[in-house]
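The structure appears right after this line, and notes come after that.
2 protein chains.
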Amino acid sequence: MSIANSTSPTIGVFDSGFGGLTVLRALIQRLPRAQFAFLGDTARLPYGSKSRRTIARYAAQSAQFLVREQGAQFLVIACNTASALALDAIQNAVPVPVLGVIEPGASAARQASRTGDVLVIATGATVESHAYAAACRAVGLRALEKACPLLVPLVEEGWTIAAGAGPVASAAQAASAQPQVAATQQVAVTAEVIRIYLAELNAEAAAQGFNPDTLVLGCTHYPLLRPLLDRAVPAGMKIIDSAEATAEAAVRLFGWQGSEKASPSAQDQIRCFATDSVEKFERLGSRFLGRPTGKVELVDLGG
Amino acid sequence: MSIANSTSPTIGVFDSGFGGLTVLRALIQRLPRAQFAFLGDTARLPYGSKSRRTIARYAAQSAQFLVREQGAQFLVIACNTASALALDAIQNAVPVPVLGVIEPGASAARQASRTGDVLVIATGATVESHAYAAACRAVGLRALEKACPLLVPLVEEGWTIAAGAGPVASAAQAASAQPQVAATQQVAVTAEVIRIYLAELNAEAAAQGFNPDTLVLGCTHYPLLRPLLDRAVPAGMKIIDSAEATAEAAVRLFGWQGSEKASPSAQDQIRCFATDSVEKFERLGSRFLGRPTGKVELVDLGG
């Protein structure tokens with residue numbers, strides 16, 4: 001479907017937490033004239049340990065908030081668990097187009113892969129849903145999925161390299177006598193964790209007769225690990241970032257290339273909402289978004 | 304209070320997850336003739352990100368299940384968050400003695416410390432509550448607390464050394480070509496994470512003029528890191544395991560030293576209940592308990 005020539009549309013972006021801000025970041029880059037409302041249902045995370053029925057109810061409430069209260073004309077579900085388990089429920093709950101992160105990731109992998117074999121790294125909940133394997137199968141790919149539960153906490157600790165910069169400084173490092181040395185050691189830990197996970201995944205791929213040439217990042221936190229992942233994969237292996245793939249799919253799906261209206265100011269372009277943990281959202285969210293989130297508004301969705 | 308000479312009492316043990324099984328393990332060692340009912344409120348974890356009021360409601364429901372449905376005559380709250388935020392609410396909700404993990408940890412630190420300065424490592428939620436700092440202050444200690452968010456996921460990944468044994472083998476390692484090598488590399492990551500956290504904590508202690516001689520493990524997952532922590536602390540620093548301290552306090556508080564009745568069989572001695580994620584509980588719980596959990600029963604507490 002294509003909704004061309006709308007002026008200044010509002011795109012609603014939903015996640016159970018704030019990892020989906022990496023998707024919002026990719027959307028802003030491609031749709032600089034759109035306005036965005038982002039909701040993190042932080043009071044009820046993690047969705048991954050909850051039943052499909054509960055996730056569907058929470059996600060539908062969140063989607064309705066973005067459409068009814070914030071006037072969103074399109075929704076991007078920037079949450080792998082909700083995309084895997086509740087996309088239908090969300091589509092039934094709101095009268096606007098809805099895009100998840102999993103199918104765009106699988107489609108981009110289909111474009112990238114020559115061997116037809118791809119690797120997927122994600123959280124435990126996403127891997128257990130086998131949503132990427134199913135989406136890859138639907139486009140003719142074989143996928144081997146691996147849960148990497150340490151990567152989200154490593155990103156949230158800030159033990160990463162900011163793109164084009166040195167290691168991210170955390171509050172703890174500011175108190176440290178040798179912050180830069182400490183940060184280098186922290187990044188080395190993350191690099192080693194990535195190396196171990198990828199070695200395990202490649203060993204399993206070899207054991208199963210896979211010949212993978214593409215790695216799909218199936219978690220919205222993982223784009224913050226991109227510099228380390230680029231170094232860790234074998235030469236020639238392509239990396240598919242679901243956040244980027246979803247933003248590209250959004251541009252195609254919504255068909256909206258920006259109006260003649262002036263771009264909104266950075267301050268006006270995004271409004272962020274959270275159901276809890278506003279402080280953590282504001283503190284960590286800017287790393288995911290690549291710029292300050294601004295004031296995050298607390299909302300109560302009940303339930 | 305002392306309830307001596309009871310025969311075969313049932314002790315209820317409660318946690319938001321299954322980390323509290325380390326407390327149950329310590330209790331079983333000291334009270335081999337007691338029977339135990341353990342409840343992990345896994346459907347509603349993590350408690351750490353929820354409000355005090357919500358935590359109090361969840362914890363009170365859990366306590367009532369153990370007392371009313373399982374006949375527990377004493378309760379041990381093997382959960383730092385619930386001990387910090389809901390001990391009063393639990394005591395008001397049930398007519399039996401209730402013991403948390405924080406005061407026993409602080410009391411044991413008081414016994415151990417000569418300098419009066421102690422360090423506490425815990426999850427983010429426990430540190431934010433400053434419950435250990437308050438409990439330490441109440442017994443005349445100064446405490447410096449540090450959140451170590453990577454340690455719980457590292458324990459749950461099994462990147463640890465089993466006490467008196469080599470590294471724990473995970474399912475992923477079983478699939479690996481060189482499982483023992485991989486496990487050694489994983490344990491090295493955990494050792495490095497511990498080294499970084501303790502270096503940051505010691506730097507902050509020095510900056511604040513602390514002279515610590517005792518480290519309190521303020522999380523029920525951390526006893527599984529004990530061999531690595533023993534190697535990481537400076538010579539002469541004592542480590543207080545809240546699980547051990549709580550079990551000792553339980554023996555003193557409940558005054559029950561076992562009846563003449565024969566010990567229950569291992570199979571009959573414990574019953575484990577969870578509100579969700581029974582599979583994960585059974586799979587990981589045995590590492591915390593030091594023996595199989597047996598069949599974990601699913602219960603619905605509503606809400």
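Protein chains in written order, with the working numbering: chain A, 1 to 303; chain B, 304 to 606. Glycine is no exception: its CB is placed at the ideal position from the N, C-alpha and C atoms.
Asked, Found
"Per-residue burial, L21/A [other beta carbons within 10 Å of its own, 16 or more giving buried]", "buried"
"Per DSSP, the bridge partner or partners of D290/B", "A query on residue 290/B cannot be resolved here, the shown segment of chain B reaching from 304 to 606 and no further."
"C-alpha distance - S432/B paired with R413/B, whole-angstrom precision", "20 Å"
"Outcome for A577/B when other beta-carbon atoms lying within 10 angstroms are tallied against a minimum of 16", "buried"
"Sequence-distant residues of its chain with Cβ nearer than 6 Å to V296/A (five each side left out)", "C272, A274, V278, F281 and E282"
"Within 9 Å, strictly: CB atoms of G427/B and P452/B", "yes"
"Reduced DSSP secondary structure (H/G/I, E/B, other) of R347/B", "coil"
"Secondary structure of A477/B, DSSP reduced to three states", "Only weak support exists for where A477/B lies, its pLDDT of 47 falling under 50; the value from the coordinates is given anyway. If DSSP states are grouped into helix, strand and coil, A477/B belongs with the helices."
"Q61/A at chain B interface by Cβ criterion, 9 Å", "no"
"Helix, strand or coil at G105/A [DSSP, three-state]", "helix"
"Simplified DSSP state of D516/B, which is helix, strand or coil", "coil"
"L284/A - DSSP class collapsed to helix/strand/coil", "helix"
"Contact with chain A by L527/B, beta-carbon distance below 9 Å", "no"
"Chain B residues whose Cβ lies nearer than 8 Å to that of E297/A", "Simply none; closest approach about 18 Å."
"Minimum Cβ-Cβ distance from S16/A to chain B less than 9 Å", "no"
"Within-9 Å CB hit, A175/A to chain B", "Summary for A175/A: the model assigns pLDDT 46, below 50, so the residue's position carries little reliability; its value from the coordinates is reported in the next sentence. Cβ-Cβ to chain B under 9 Å: yes for A175/A."
"Own chain residues within Cβ distance below 6 Å of A131/A, not counting five before or after", "A84 and I102"
"For F341/B, the nearest candidate out of R328/B, P456/B, G351/B and R333/B (CA to CA)", "R328/B"
"Contact belief for G48/A with T220/A at Cβ below 8 Å, rounded distance in angstroms", "About 13 Å separates the two Cβ atoms, so there is no contact after all."
"Cβ-based burial, N505/B [other Cβ within 10 Å; buried from 16]", "buried"
"Distance between V458/B and F368/B (C-alpha atoms, nearest Å)", "28 Å"
"D117/A to Y500/B span [Cα, whole Å]", "39 Å"
"Chain B contacts made by the segment 239–252 of chain A, where a contact means CB separation under 8 Å", "none"
"Interface partners of I499/B on chain A, CB under 8 Å", "A182, Q185, Q186 and V189"
"Nearest-angstrom Cα separation, counted from T10/A out to F591/B", "49 Å"
"9 Å Cβ cutoff met for I358/B and A385/B", "yes"
"Chain A contact for V496/B (CB, 9 Å cutoff)", "yes"
"Proximity test, Cβ basis, 9 Å: D276/A and chain B", "yes"
"Span separating the alpha-carbon of G166/A from that of T160/A", "Summary for G166/A: the model assigns pLDDT 48, below 50, so the residue's position carries little reliability, and this model does not support an answer."
"Chain B within 9 Å of A43/A, Cβ atoms only", "yes"
"Own chain residues within Cβ distance below 6 Å of D579/B, not counting five before or after", "T345 and A346"
"C-beta contact flag for T214/A and L99/A at 9 Å", "no"
"Residues within the segment 137–158 of chain A neighbouring chain B, beta-carbon criterion of under 9 Å", "K146, A147, P149, L150, V152, P153, L154, E156 and E157"
"Residue range of the unbroken alpha helix (DSSP H) whose run includes I464/B", "Unbroken run through I464/B: none, as it is neither H nor E."
"Per-residue contacts from S49/A into chain B (C-beta, under 9 Å)", "T345, A346, L348, D579, S580 and K583"
"C-beta contact flag for S242/A and G105/A at 9 Å", "yes"
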